[in-house]
Each structure stands twice: as C-alpha cells, then as structure tokens.
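Yeah, the sequence shown ends on 201 if you go by my numbering, and it's all consecutive.
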Amino acid sequence: MVDYDILRENLRRFYDFADKVVLYVGAGGRQLLDPAIKTKKLIAVDQNAFSLEELKISVAAEGRQNVDIIASRFDDVTESGDVVYFEFCLHEMHQPEQALLRARRLAPDTVVFDHMVGSEWVFHAAEEDKVNQSASAIEQFGIRRRERFLLAQQFRDHNELVAKINGQGALALERAQRFAGASDISIPMSYELVLL
Numbered sequence: 006m007v008d009y010d011i012l013r014e015n016l017r018r019f020y021d022f023a024d025k026v027v028l029y030v031g032a033g034g035r036q037l038l039d040p041a042i043k044t045k046k047l048i049a050v051d052q053n054a055f056s057l058e059e060l061k062i063s064v065a066a067e068g069r070q071n072v073d074i075i076a077s078r079f080d081d082v083t084e085s086g087d088v089v090y091f092e093f094c095l096h097e098m099h100q101p102e103q104a105l106l107r108a109r110r111l112a113p114d115t116v117v118f119d120h121m122v123g124s125e126w127v128f129h130a131a132e133e134d135k136v137n138q139s140a141s142a143i144e145q146f147g148i149r150r151r152e153r154f155l156l157a158q159q160f161r162d163h164n165e166l167v168a169k170i171n172g173q174g175a176l177a178l179e180r181a182q183r184f185a186g187a188s189d190i191s192i193p194m195s196y197e198l199v200l201l
C-alpha cells in the first residue's frame with residue numbers, strides 16, 4: 006500500500022481548495038482531499054454507487070456541511086464550480102480528452118492527480134495504455150502548473166500484492182508472478198499533480 010498521508014500533503018500544498026465549489030471526480034476511491042479543508046461546497050462524483058456509500062459515512066462522521074454526492078459518470082454531470090478535481094481516475098476514463106473538455110466547461114480550474122507515464126507501478130497494474138492516453142490528453146490543455154512525485158507501493162507479500170491488483174486483469178496477475186514467494190515488496194510509483 007502507498008502512504009496516503011504523503012499523497013494528501015502533496016495535494017494540500019499543490020492547490021488551495023478552501024472556500025471553493027469543488028467537483029470531486031473519483032470521490033469514491035481514496036479520499037485524498039483533506040477533510041480539514043473547508044470548501045464552500047463539495048460535489049462528490051463517482052460512478053461506483055457502493056464506494057459512495059462509504060464516502061457518505063465518512064462525510065457524516067467528519068461533520069462536513071454542503072456536500073452533494075452524485076452516483077454518476079462524469080460525462081453526465083452538469084453542476085458547475087470553481088475547480089474540477091480528478092483523483093487518480095482520469096486514466097480510467099474511456100475518453101479523457103472529453104472529460105477535460107467537460108471540466109473546462111464546468112469550472113475555470115482543473116486539477117488532475119494521477120499516475121505518470123513510465124511508472125513501474127503502472128506497468129505492474131497493466132495500465133500503460135490508459136495512462137498514456139490520459140497523459141496525452143492533459144498535454145493538449147495548456148498546463149499551468151505541474152509537480153511530479155515518487156513513492157512506493159509497499160506490500161507484505163505476494164498475496165497482498167495480488168489482492169491489490171486482482172481486478173486489473175490477467176496481464177497484471179502474470180506480471181506479479183515475479184514476486185511469488187517474496188516478502189516486503191516495494192514497487193516505485195511515480196505520479197503527478199497538474200493544474201489546467
């Protein structure tokens with residue numbers, strides 16, 4: 006697993022979400038947007054309704070106000086705001102350039118937090134094509150600011166690694182075989198934050 010506290014700190018330092026209407030795309034995933042940041046309004050979007058149920062519970066526990074939770078594809082979102090924030094999900098979209106065009110129509114700022122081309126973790130997750138496609142889309146939109154980072158995905162053993170990538174398909178599982186029998190597995194993960 007990766008150190009989520011470091012990811013949260015990267016995001017907090019990169020962009021000031023305070024007092025903004027934030028369209029939070031991929032909100033059902035990792036929840037890297039620090040709950041201590043007081044947004045004007047948070048519009049949490051994810052097509053996975055089950056993961057949004059968990060988000061609802063954490064939002065209630067944090068006592069956050071002004072949160073709308075939308076179980077929908079980003080393509081269908083019509084709400085506007087100050088910033089659209091994609092959290093490790095742009096590479097999962099079939100047409101990332103269309104998603105960025107929609108983001109540009111919905112808000113003046115777009116923040117993308119995602120994997121980088123050439124990341125060893127991307128290779129092991131068998132997502133090279135997806136990440137290449139999203140990176141190419143990002144380059145078309147006039148990057149205002151970019152920061153790149155490196156962490157490692159850490160796993161106690163091969164079984165824990167397989168549990169993490171199990172949904173990534175046969176190629177990812179085949180690539181993980183090189184770690185069969187290993188313990189204390191560390192796979193470098195390069196990622197970036199981009200402001201468009």
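Glycine is no exception: its CB is placed at the ideal position from the N, C-alpha and C atoms.
Among the options, whose alpha-carbon lies nearest the alpha-carbon of residue i?
i: Gly-172; options: Glu-97, Ser-188 and Ile-48; result: Glu-97
i: Asp-189; options: Val-88, Leu-60, Gly-147 and Glu-165; result: Glu-165
i: Gly-186; options: Ala-112, Lys-61, Ala-175 and Val-167; result: Val-167
i: Glu-92; options: Gly-174, Arg-13, Asp-81 and Pro-193; result: Arg-13
i: Glu-59; options: Gln-36, Arg-151, Tyr-9 and Tyr-20; result: Gln-36
i: Arg-69; options: Ser-77, Ala-41 and Ile-148; result: Ala-41
i: Glu-125; options: Leu-156, Val-82, Ala-65 and Leu-111; result: Leu-156
Are the beta-carbon atoms of residue i and residue j separated by less than 8 Å?
i: Val-26; j: Lys-43; result: no
i: Ala-140; j: Ala-177; result: no
i: Arg-183; j: Phe-128; result: no
i: Ala-32; j: Val-50; result: yes
i: Val-116; j: Leu-200; result: yes
i: Gly-123; j: Ser-195; result: yes
i: Ala-104; j: Ser-85; result: no
Would residue i be called buried (16 or more neighbouring beta carbons within 10 Å of its own) or exposed?
i: His-99; result: exposed
i: Asp-119; result: buried
i: Gln-138; result: buried
i: Tyr-20; result: buried
Looking at the secondary structure, which residues open and close the alpha helix (DSSP H) in which residue i lies?
i: His-163; result: 163-170
i: Ser-139; result: 133-144
i: Glu-197; result: Premise fails: Glu-197 lies in the beta strand (DSSP E), 188-200, not in any alpha helix (DSSP H).
Can you give me the start and stop residues for the beta strand (DSSP E) that residue i sits inside?
i: Leu-38; result: No beta strand (DSSP E) contains Leu-38, which DSSP labels as neither H nor E.
Exercise for the section: Would you list, in sequence order, the uninterrupted beta strand (DSSP E) runs of no fewer than 3 residues that lie entirely inside the region 86-114? Expected result: Counting only runs of 3+ residues, the beta strand (DSSP E) found wholly inside the region 86-114 occupies 88-92, in chain order.
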